Amino acid sequence: MKTVSLVGAASYLPRRIVENSFFQNGDEEQTHVMFRGVKLRHHVEADESAQMMIVQAARKLAERLNINLAKDVDILMTNVTSPDQPFTGCGADVGKALGCRPDWVVDLHNGGCVSFIQMMAQAQALMTCHGARTALLCNVQNAAGRHFAHPETRKLKQARIPGDGCGVAYLVASNESPVKTIVQRNYCEYAGDMAAVRADGTAWWEPSTACAYVDFNETKLAAVMGRANRIVPEVIREACRRADLPTGEIDTLITNQPNRIFMRNWREALQVPRDRHVSTFERHGNLFGAALPLCLEEAIDSGQLKKDSHLVLGGFAHAGDFAAAAVIHWQAPAATSNGWMLPVRSADFGTVDR
Amino acid sequence: MNPHLNVIDGLPGVHRIENCSKDKMTSLAMEMTHAVYGHDEVYGQYCPIQDYINCPAEKAFEYLADIHTLGEWTYSTRDFEPAGEDGLYVGMDRLGSATKIYVRVLANRQAMTVDYHCAWDQGKHLWMIYLMRVVPAELVLGKPGCVVTWTNCRHPNYDCNPYPETAPVGRKVWVGDMWPFFYAGHKIELDNLKHILEYRHANNCFSNGLPTTMGGSR
């Protein structure tokens, strides 16, 4: 495989910030432990499409990294929890708005909360086999505002957990901040325990006035927790083993952030101290797939992610049908007081011949 | 001389001082000793728990051997009554809403073991087996009271209900779905047992096992 590097991330957070009092049961102490711990979250509003969120975040990233979006995006990948259109992803719409001319547009509809790692792996494969040099990876979580803000669905006990946001990141075929290992594991036997449902039982394509929301099979709560406790530390340990990195030497850990119990258990299993685990769960809730790139931006901007340190990404999707982890030897420049130290991207990499 | 020892020492995975030096044994022990063990490694196939209880072993044994006390110290099994044959009882497990639970208690006073042979929904095949043992704490901890150990083994039926036709209509939950919570659930119940037995011992109220005798509060 060609060496690829993760070199930067940026985010867009919806304007609307929602407090716990918005939900029917605003009392934190009365809430099931699975649904505790979020103080604030963002909700998308009608004009904040997935396309618009990605465009905003990508422009911020382009400015930071001095990317020429017209030339420097060979691969454009998106993963959106609640797609703008049911029949197609928004990758082409994003490319249109940003003026990109990608050779590959991939709208991933799987990988869930760790689709970011799956996108890294797919981009690396395209870079290795087809000579692509640059990839813009885009995650959007917009299920909170679209599905859990409705007067009916916001009564559900899980309604307070999701939060919306968009994270984008830039991957290049170079060894400047190398991805050392990526490990992905599919557990198809655990598929189907999470689904988008409507209160009246209709399918999403059928006419209905009932609202749709994401639901977990509650009788499987113990099983899902057991899986998460097992498969996430396993896949992270395997990625670390292949990178010759003892898990106790992880400098920065970023996982998906479904709830604080899972995150506590993963830290304990990996022996990673809390202050090395970057999470925005309290402020942003469960960001699904957007958590990884968004927390990466947070780790860079806060100065927590230091040059020449080991960054580990990991987590699981849906109710456990997929787990993935990656180890990155982070070399990208740390944030400076007035922004980033900017490499000149176009000059460094040129573009693929067309 | 035991004639089998040569064979035994040659069996793969057998380590005895005759075929495994002390250095090698120490190396093995160091390899096997981790700082952290995953929940699944410890409780994936077996669920062993134990605790000290400040109550005489005989009293604890008699309490456990009385099926009616299950309605007191377990989280959700209630209202046991004889089910006709050979020590079989039936009660409700409110964990599964309208679920019946069948139980036969096999107690051995000499060994102070109390095994609950149980099953949800039907009483013909009692495959959920809870193995409990009471040990005088004087022997193992050098103090009054007792130690209670409790083990469950993950029978394949926990993963798939073998008698779905006996389940109440519309029940979605299956007892085995909770296996990942068995450590927590049983620990909470063992804590119940400890608090109840220590209360009963301290207040000398063991006249019978029924909850109605407890301080007249119920």
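Protein sequence lines, in the order shown, are assigned to chains A and B.
Here the first sequence is numbered in the numbering used here, starting from 46 and rising by one per residue.
Here the second sequence is numbered in the numbering used here, starting from 970 and rising by one per residue.
Backbone N, C-alpha and C define an ideal beta-carbon position, used for all residues, glycine too.
Keep in mind that this is a model prediction, so the values were computed, not measured.
Item	Value
Within chain A, partners of B/ALA1004 - CB distance below 8 Å	GLN316
Given A/ARG282 as reference, the closest of A/TRP311, A/ALA107 and A/GLN349 once Cα atoms are compared	A/TRP311
Own chain partners of B/TYR1152 with C-beta closer than 6 Å, once the 5 adjacent residues on each side are dropped	TYR1012 and CYS1016
Where the alpha helix (DSSP H) through A/VAL278 begins and ends	Before going on, a small fix: residue 278 of chain A reads as Pro here, not Val. Looking at the DSSP string, the run of the alpha helix (DSSP H) that includes A/PRO278 is 266-287.
Within 8 Å, strictly: CB atoms of A/ILE345 and A/VAL317	no
Cutoff 8 Å: A/PRO59 Cβ touching any chain B Cβ	no
Presumed contact (8 Å Cβ cut-off) between A/SER222 and A/GLN349, rounded CB distance	Not a contact, Cβ separation roughly 16 Å.
Selected residue, minimal CA-CA separation from A/CYS135, among A/LEU143, A/LEU332 and A/THR123	A/THR123
A/LYS105, DSSP secondary structure in three states	helix
Minimum C-alpha distance to A/ILE373 - residue among A/LEU216, A/ALA204, A/PHE80 and A/ASP148	A/LEU216
Cβ-based burial, A/ASN383 [other Cβ within 10 Å; buried from 16]	Note on A/ASN383: pLDDT 41, under 50, position unreliable in the model; no value is reported.
Three-state secondary structure assigned by DSSP to B/LYS1197	This structure leaves residue 1197 of chain B out entirely; chain B is present only between 970 and 1187.
Beta-carbon contacts of A/VAL259 that lie in its chain and below 7 Å, excluding the five residues immediately before and after	ALA188, HIS192, MET239 and ALA241
Sequence-distant residues of its chain with Cβ nearer than 8 Å to A/LEU266 (five each side left out)	MET79
Closest by C-alpha distance to A/PRO207, when choosing among A/GLU313, A/PRO303 and A/GLU342	A/PRO303
CB contact check: A/MET308 to chain B, cutoff 8 Å	no
B/HIS1038 versus B/TYR1006, B/ASP1009 and B/VAL1072, residue with shortest Cα-Cα distance	It should be noted that the sequence gives Thr, not His, for residue 1038 of chain B. Selected option, being the one with the closest Cα: B/VAL1072.
C-alpha gap between B/PRO981 and B/SER990, whole angstroms	16 Å
Rounded separation between A/ALA107 and A/ARG178 - CA only	16 Å
Beta strand (DSSP E) segments (min. 3 residues) lying fully within the segment 1048-1109 of chain B	1057-1062, 1068-1077, 1082-1089 and 1097-1105
Bounding residues of the beta strand (DSSP E) (the contiguous stretch that carries A/GLY210)	210-217
Same chain only: Cβ atoms within 6 Å of B/MET994, ignoring 5 sequence neighbours per side	none
Where A/VAL389 falls: helix, strand or coil (DSSP)	With a pLDDT of only 43 at A/VAL389, under 50, the local geometry of the prediction cannot be trusted, and no value is derived from it.
Backbone CA spacing between A/ARG328 and A/LYS105 [nearest angstrom]	21 Å
Identity of the residue in A/CYS211, A/GLY176, A/ASN111 and A/TYR235 nearest A/LEU20 by Cα	Not covered by the structure: residue 20 of chain A. The range shown for chain A is 46 to 399.
Alpha carbon of A/LEU356 to alpha carbon of A/THR300, nearest angstrom	11 Å
Interface residues of the segment 250-284 of chain A facing chain B [CB-CB below 9 Å]	ASN262, GLU263, THR264, LYS265, LEU266, ALA267, ALA268, VAL269, MET270, GLY271, ARG272, ASN274, ARG275, PRO278 and GLU279
A/ASP346: first and last residue of the uninterrupted alpha helix (DSSP H) it sits in	336-346
Runs of beta strand (DSSP E) lying entirely within the segment 168-244 of chain A, each at least 3 residues, in chain order	179-186, 210-217, 224-231 and 239-243
Euclidean distance between Cα positions of A/ASN65 and B/PHE1175	49 Å
Burial state of B/TYR1099, where buried means 16 or more other Cβ atoms lie within 10 Å	buried
Nearest-angstrom Cα separation, counted from A/LEU110 out to A/VAL397	Legend: pLDDT at A/VAL397 = 39, less than 50; position of this residue unreliable, value from coordinates given subsequently. Each residue's alpha carbon lies about 19 Å from the other.
Burial state of A/GLY360, where buried means 16 or more other Cβ atoms lie within 10 Å	buried
C-alpha distance - B/ILE1070 paired with B/TRP1143, whole-angstrom precision	12 Å
Paired residues, beta bridge with B/GLN1019 - DSSP	B/THR1118
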